[in-house]
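What follows is a set of notes on a single structure, which appears directly below.
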Ligand SMILES: Nc1ncnc2c1ncn2[C@@H]1O[C@H](COP(=O)(O)OP(=O)(O)O)[C@@H](O)[C@H]1O
Ligand SMILES: [Mg+2]
């Protein structure tokens, strides 16, 4: 635990050092830029909660299948679908729309899991295709069926909203539930055995296909919820998808920074959310280009998750591994 | 003359805090075969990984030809002529032998694949090391892989070759060939460190032997002048006694019935070609045979991990051929697999591994009852003397012998009707192996049916009430325990009628 924390601290320092150099090289005042990023980023708890909550969930979307030995990069598509269905269902159903968003994600995840389990379709490739398909399906739906009558560049408003604090509470509860699922239930145990060694799973009489489908469905459920919370806070989907885009992908980084631990993901989601918000302030205050924020956040994700990701790679894919 | 290698007062504390070496010294002379003997967990592998530059010592000094060295990587050690063949080999399974050789050598110096090929062929012929250079490593038997590793060391012009438990995966024939090869290479001036926990091998191959106990060297002896008893005493600190075979009390009903079993391996080769036999409650049936005679396929088919082509497997009268492993478990089949990475989820902790394959028995509704799991783990590690740091350490952090004790212990301490024990004492030191054999006998006496599959012929003969000899996937002989002699069984194993 202490080793893990100090590793994170070290990586964070490295990321900041790199960012400073980058800022200096581009002619910005590095100290005040980063100061802006971190002070303003964490200055507004409500906004922080709103940005962090979907990230927690998209991290869980990646993490649960990951524990079963799969790489769910479909969190992105699951988030689109969840957002879209919530937007639609919340019109009539209000809060129940949340369930619609989550369920849609779960079905999508389960489908990809089943493709992998029963037809041997690689979940990464399937997810990439589905992500893009759903990107355009969402865009199309927003601009064709759910368009706002007055503002044609965006969808109608959501029919229900939790508000930021409750969103984060929901996300934190989801993380707790994910933790309990993985480490307290028989299903979680079986999922982890499958992920750590398919051979040992077979030996133990665990049905790896069932674990694949279920873990992907649960991941999808969280992915759908991630999109739901995002659109809930923004209030609508705009025709550039700018708010939704990247929520799923960023979740992978959040999960890895949190060392594939559901509770760790809450902490890392808050950290990244703060940096993203702070980055916007940096743009406003110091006129840095938005790409620079992306680079700084991206570098941080990379540096922070690299030690853990590397360890996993070396362990799993190393010599003699099968 | 300075020794070729001198390791002085090496201490090694692993990051988790395990003290593996507490000031061990070791000396290797030019041109000798030096056995490094010790129980599991004594620190043999750790000491040699330090010499090989794979691990750094916490403290201590290493001298090579009298000169102080400190290798930061195996590449550095290899450049000085030190090579190591690991317990589990380090070749890339999907590469060919040649590609592996090239991979290793090109990491140390510039060389073309053609050069490697011709040099390998030349050396192989000169020293009688037959390895098919174009075969993919995963298709080769253990003995071949090992020869490929030795060839790799020689291509790197190794002066010192460290062999870590080299016979643990070999058939008796392969082991003999290895010892002959060591002798030939020694005559050419190569020095060997021969890491083992098998007393008999020391007398067979070594010039000198250093005994390691709990991270300390407790004696260096001339192999010719010492006795197995003396070495065993140094190794464990007390004398050990071989288990006496005792006849079964009473044999009960048939528990396992195998009929006309035919099964293929992963490569599609037919490994079992119509095997039939039965095992009754309260008896141990031993399977003897050279490695690859269908033992693995037999064990896996009964455990439900391999779908047989034809034939039937009945456990307590219920047909389970081709059924999932859950079915066998439900009928009371306990299974010690040949491979630890199958019987253990190495990335998971000791408690989690203690309930593997019986997780449903440790559930309360949908939840795992971690309290009872922990209790089980505690009982297990205590009874089977698993040495560990914390129960929440990954099984991967245990030494091989401790992993084996954990896995075997888990199966042997469960209730069941049939035990399939495949290489149950593999990688275990004398004392633990004895304990495991004792436990197997105890289970038999309590009425368990036992199918014992082992490449240790002594073990099969010592424990079995009946011995079945497999040769090329067929049963070529069935002997009663008392009539099964090494000579008889050995002849049958070799395919003699
Ligand atoms: N990678 C590791 N991390 C932590 N402890 C280890 C590791 N490898 C071995 N150990 C511990 O160090 C001790 C010596 O192990 P090892 O050198 O493998 O013994 P041997 O080869 O004599 O069986 C054991 O207690 C073992 O559990
Ligand atoms: Mg060892």
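Residue numbers (the numbering used here), protein chains in the order written: chain A, 148 to 469; chain B, 3 to 499.
Backbone N, C-alpha and C fix where the C-beta goes; we use that ideal spot for every residue, glycine too.
Chain B has no Cβ within less than 8 Å of the Cβ of residue 152 of chain A. Within the chosen limit of 7 Å, ligand 1 reaches the beta carbon of residue 46 of chain B through at least one heavy atom.
In the DSSP annotation of this structure, the continuous segment of the beta strand (DSSP E) that includes residue 337 of chain B starts and ends at 335 to 338. The beta carbon of residue 42 of chain B sits closer than 6 Å to those of 401, 403, 431, all from its chain and outside the five residues before and after it, given in chain order. Residue 36 of chain B is bridged by DSSP to B:195, B:210. For the 8 Å CB-CB criterion, residue 213 of chain B and residue 39 of chain B form a contact. Beta-bridge analysis with DSSP links residue 473 of chain B to B:476.
Annotation: residue 253 of chain B to residue 50 of chain B spans about 48 Å, alpha carbon to alpha carbon. DSSP, reduced to helix, strand and coil, places residue 325 of chain B outside both helices and strands of the structure shown, so it counts as coil. The residue from B:371, B:106, B:98, B:434 with its alpha-carbon nearest to that of residue 141 of chain B is B:98. Within the region 168 to 211 of chain A, the complete alpha helix (DSSP H) segments at least 4 residues long are 177 to 188, listed from N- to C-terminus. Your pair residue 164 of chain B and residue 85 of chain B checks out as a contact, with CB atoms roughly 7 Å apart and the cut at 8 Å. Counting the other CB atoms within 10 Å of its CB gives residue 300 of chain A a total below 16, which places it among the exposed residues.
Counting only runs of at least 4 residues, the region 133 to 208 of chain B fully encloses the following alpha helix (DSSP H) elements, listed from N- to C-terminal order: 144 to 157, 174 to 189, 201 to 207.
DSSP places residue 384 of chain A in no beta strand (DSSP E); its state is neither H nor E.
Of the heavy atoms belonging to ligand 1, at least one sits nearer than 7 Å to the Cβ of residue 18 of chain B. DSSP places residue 396 of chain B within a strand segment (E or B) once states are collapsed to three. Closer than 7 Å to some heavy atom of ligand 1: that describes the Cβ of residue 399 of chain B. Assigned with DSSP and collapsed to three states, residue 300 of chain A falls in coil, not helix or strand. Rounded to whole angstroms, the separation of the alpha carbons of residue 322 of chain B and residue 259 of chain A is 32 Å. For the pair of segments examined, the region 351 to 358 of chain B was found not to touch the region 381 to 389 of chain A: the number of CB pairs separated by less than 8 Å stays below three. The bridge partners DSSP lists for residue 250 of chain A come to none. Look at residue 350 of chain B here: in three-state DSSP terms it is coil, with no helix or strand label.
Closer than 7 Å to some heavy atom of ligand 1: that does not describe the Cβ of residue 25 of chain B. With at least 16 other beta carbons inside 10 angstroms of its own, residue 200 of chain B counts as buried. Among the residues of the region 364 to 376 of chain B, those with a Cβ less than 7 Å away from any Cβ of chain A are 365, 368, 369, 370, in the order of the chain. The three-state reading of DSSP puts residue 332 of chain B in helix, counting H, G and I together. Using a Cβ-Cβ cut-off of 9 Å, residue 344 of chain A is close to 343, 344, 346, 347, 348, 349, 350 of chain B, given in chain order.
In this structure residue 94 of chain B touches residue 139 of chain B by the C-beta definition: roughly 7 Å separates them, less than 8 Å. The beta-carbon of residue 148 of chain B is placed no less than 8 Å from the nearest beta-carbon of chain A. Counting along the chain, no beta strand (DSSP E) covers residue 223 of chain A; the unbroken alpha helix (DSSP H) around it starts and ends at 222 to 240. Interface annotation, residue 168 of chain B: not in contact with chain A, CB-CB separation never under 8 Å. The Cβ atoms of residue 397 of chain B and residue 346 of chain B lie closer than 8 Å to each other. Each of B:218, B:438, B:58 was checked against the Cα of residue 73 of chain B, and the nearest Cα belongs to B:58. Judged by DSSP in its simplified three-state form, residue 430 of chain A adopts helix.
In this structure, residue 83 of chain B has its CB at a distance of at least 7 Å from all heavy atoms of ligand 1.
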